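Worksheet for the structure shown next.
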Amino acid sequence: MRVRFAPSPTGALHVGGARAALYNWLLARGPGEGGDGMPGTFVLRIEDTDRERSTEANVAQILDALRWLGLDWDEGPISQVANTPRHQQALAQLLADGHAYHSDATAQDVKAYKEQHGADRGFRGTPQSSGAVRLRVPGQGVTAFNDLIRGEVSFPNASMDDPVIARADGTVLYNFAVAVDDLDARITHVVRGEDHISNTPKQLLVFQALGQTPPQYAHLPLLHGPDGKKLSKRHGAASVQELRDAGYLPEAVDNYIALLGTGFAPDEEFFTLQEMAQRFRLERVSKSPAVFDEQKLRHLNGRHLRELSTEELTERLERYTGRTGLRAAVEISREKIQTLADFWPLAGFLIDGPVDDPRAFAKVIDADGGRDTLSAARDALASVQEFTVPAIEAALRTVVERTGLKPGQVFQPVRVAIAGTTISPGIFESVALLGRERTLALIDAALAK
Ligand code: GLU
48 MRVRFAPSPT
58 GALHVGGARA
68 ALYNWLLARG
78 PGEGGDGMPG
88 TFVLRIEDTD
98 RERSTEANVA
108 QILDALRWLG
118 LDWDEGPISQ
128 VANTPRHQQA
138 LAQLLADGHA
148 YHSDATAQDV
158 KAYKEQHGAD
168 RGFRGTPQSS
178 GAVRLRVPGQ
188 GVTAFNDLIR
198 GEVSFPNASM
208 DDPVIARADG
218 TVLYNFAVAV
228 DDLDARITHV
238 VRGEDHISNT
248 PKQLLVFQAL
258 GQTPPQYAHL
268 PLLHGPDGKK
278 LSKRHGAASV
288 QELRDAGYLP
298 EAVDNYIALL
308 GTGFAPDEEF
318 FTLQEMAQRF
328 RLERVSKSPA
338 VFDEQKLRHL
348 NGRHLRELST
358 EELTERLERY
368 TGRTGLRAAV
378 EISREKIQTL
388 ADFWPLAGFL
398 IDGPVDDPRA
408 FAKVIDADGG
418 RDTLSAARDA
428 LASVQEFTVP
438 AIEAALRTVV
448 ERTGLKPGQV
458 FQPVRVAIAG
468 TTISPGIFES
478 VALLGRERTL
488 ALIDAALAK
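Reminder that position 147 of the sequence shown reads as 194 in this note's numbering, one-by-one numbering, no gaps.
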């Protein structure tokens with residue numbers, strides 16, 4: 048099995064592109080065609096024929112995103128532009144064989160042709176000595192393929208225009224280049240987005256004209272947001288880099304994308320890349336649009352995050368935040384965060400001191416009895432013998448019993464005193480981590496405000 052991912056470097060790698068990359072990668076790393084156990088090959092081709100919109104920076108960004116997702120390739124990156132001599136040679140062959148012809152027909156001419164012959168009649172030009180190059184579509188029959196996801200797809204030849212495959216200046220067009228490149232790379236399976244389905248007959252006709260057997264095709268359904276509209280920025284992070292910046296783990300992004308539209312409930316299926324490669328089946332991908340729901344990704348991310356050792360999670364958080372010395376704070380926060388981005392708002396006070404949240408202060412400490420309770424909690428903490436989590440808990444619970452208040456009414460003022468706000472990791476753990484001296488100093492500062 049030889050598969051490829053063929054991004055156009057006209058922008059960042061988006062979720063839809065990442066899905067195509069991942070599915071191809073899973074096929075290459077999986078049990079082989081029909082489970083034959085033969086290792087597959089994943090080819091990376093950069094479709095940089097659009098010289099105006101393709102940039103080196105976009106190529107670098109795409110490669111970076113693929114590496115971050117853990118999707119390594121076996122061949123490439125091949126530049127499509129670098130294959131130009133071969134495209135020219137294939138083009139010359141088709142012209143020589145009569146499978147293609149020069150024509151200077153304009154869009155106007157095509158329109159006039161249809162007015163004369165009927166709107167669903169494919170345009171056939173008259174061969175000339177120069178002009179753009181058109182591929183000759185057979186007059187009858189169908190161009191059909193068995194899509195591995197969608198089943199039989201067929202286009203009547205009579206209504207297909209003879210497609211332009213090269214401009215008058217000799218530069219080849221997209222559908223021609225793709226077919227020649229897939230042929231040369233001996234691609235066995237083309238797996239790509241559904242937006243390419245109308246390109247497939249043109250590419251099949253190129254294979255046919257060159258006298259070659261085409262690969263098999265599978266077109267992935269469109270991605271929608273939870274509101275049923277085509278996935279866009281409105282639905283949250285759209286590019287892989289944005290997902291990384293939003294604190295998602297590559298493991299979770301891979302897992303979530305793999306489950307999109309495969310008939311699994313995303314929150315029930317937890318896989319590593321290797322496990323997914325073993326279990327992934329193209330035929331199981333649904334034909335209907337897949338819904339990308341960032342909330343589900345968040346949830347799955349939390350599960351992947353908790354699979355990491357504290358060591359590993361600390362390393363990732365230190366890279367993500369650009370800070371060091373986070374291990375103890377990570378230890379007591381790890382059960383409470385779903386993304387790397389959740390960590391600092393929850394636990395940053397353990398490192399940088401309390402945040403400034405006047406509303407929390409007014410509501411919890413300045414409120415009725417807040418200061419008295421805080422003061423009682425301070426005394427209890429001051430007299431704890433060994434400053435450990437169980438001893439801290441016991442001391443604060445004594446205050447609860449003595450005052451007859453609810454636990455939260457005692458713990459919350461302490462929390463606001465040490466964190467500056469109403470969210471933190473476990474209160475006893477946070478107090479223990481700060482230590483007696485710092486905790487008492489923070490409480491004193493809050494009482495003095
Ligand atoms: N370059 C195309 C794109 O980025 C993909 C072409 C293909 O997979 O055949 O949409």
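Glycine included, every Cβ here is placed at the ideal spot set by N, Cα and C.
Computed from a prediction, not measured in an experiment: that's the story for all the values here.
- For Asn-246, there is no enclosing alpha helix (DSSP H), as DSSP gives it neither H nor E.
- For the set Arg-449, Ala-414 and Ala-479, the Cα lying nearest the Cα of Gln-459 is the one of Ala-414.
- Within 7 Å of the C-beta of Ser-126 there is not a single heavy atom belonging to the ligand GLU.
- A buried status is given to Glu-298, since no fewer than 16 other beta-carbon atoms sit within 10 Å of its beta-carbon.
- Cβ neighbours of Asp-208 within its own chain (closer than 7 Å, five residues either side excluded): Val-157, Gly-169 and Phe-170.
- Nearest to Thr-486 by alpha-carbon distance, out of Gln-163, Met-323, Leu-421 and Ile-244, is Leu-421.
- Taken atom to atom, the span from the alpha-carbon of Ile-234 to that of Ala-139 is near 23 Å.
- Unbroken alpha helix (DSSP H) stretches of 4 residues or longer found wholly inside the segment 407-463: 417-429 and 436-450, given in chain order.
- For His-164, the enclosing alpha helix (DSSP H) has its first and last residue at 154-164.
- Leaving aside the five residues that flank Leu-118 on each side, the residues in its chain whose CB is nearer than 7 Å to its CB run, in chain order, Ala-68, Leu-69 and Trp-72.
- With fewer than 16 other CB atoms across the displayed protein chains lying within 10 angstroms of its CB, Lys-496 is exposed.
- Between the beta-carbon of His-271 and that of Lys-277 there is about 6 Å, and that keeps the pair under the 8 Å contact cut.
- Between Gly-451 and the set His-236, Gly-416 and Ile-474, the nearest pair of CA atoms involves Gly-416.
- By the Cβ-count criterion, Val-90 is buried, with 16 or more other Cβ atoms from all chains shown falling within 10 Å of its own Cβ.
- Leu-443 and Val-463 do not touch by the CB rule: their CB atoms are close to 14 Å apart, not below 8 Å.
- Of all C-beta pairs linking the segment 85-104 to the segment 120-130, three or more are shorter than 8 Å, placing the two stretches in contact.
- DSSP places Tyr-295 outside both helix and strand once states are collapsed to three, so it counts as coil.
- For Glu-94, the three-state secondary structure derived from DSSP is coil.
- In terms of side-chain proximity, the C-beta atom of Ser-101 is found no nearer than 7 Å to any non-hydrogen atom of the ligand GLU.
- A contact between stretches requires three or more CB pairs, one per stretch, nearer than 8 Å, and the segment 467-484 meets this requirement with the segment 375-393.
- Cα atoms of Leu-290 and Val-62: separation of roughly 9 Å, rounded to the nearest angstrom.
- Relative to the non-hydrogen atoms of the ligand GLU, the Cβ of Ala-53 comes within a distance shorter than 7 Å of at least one.
- Taken atom to atom, the span from the alpha-carbon of Val-446 to that of Arg-326 is near 55 Å.
- Going by DSSP, Ala-324 is part of the alpha helix (DSSP H) stretching over 320-326.
- Distance check between Tyr-160 and each of Ser-177, Ser-206, Gly-240 and Ala-129 places Ser-206 closest, using alpha-carbon atoms only.
- Ranking Arg-92, Ala-112 and Leu-113 by CA distance to the CA of Asn-130 puts Arg-92 first.
- Buried is the label assigned to Val-237, since at least 16 other Cβ atoms lie within 10 Å of its Cβ.
- When the five nearest sequence neighbours on each side are left out, the beta carbons in the same chain lying within less than 6 Å of the beta carbon of Arg-425 are those of Ile-490, in order along the chain.
- If you check the CB distance, His-134 and Arg-183 do not come in under 8 Å.
- Shown here, Asp-119 sits in coil according to DSSP, grouped into three states, outside any helix or strand.
- Taking a C-beta distance under 8 Å as the contact criterion, Val-128 and Pro-56 do not qualify as a contact pair.
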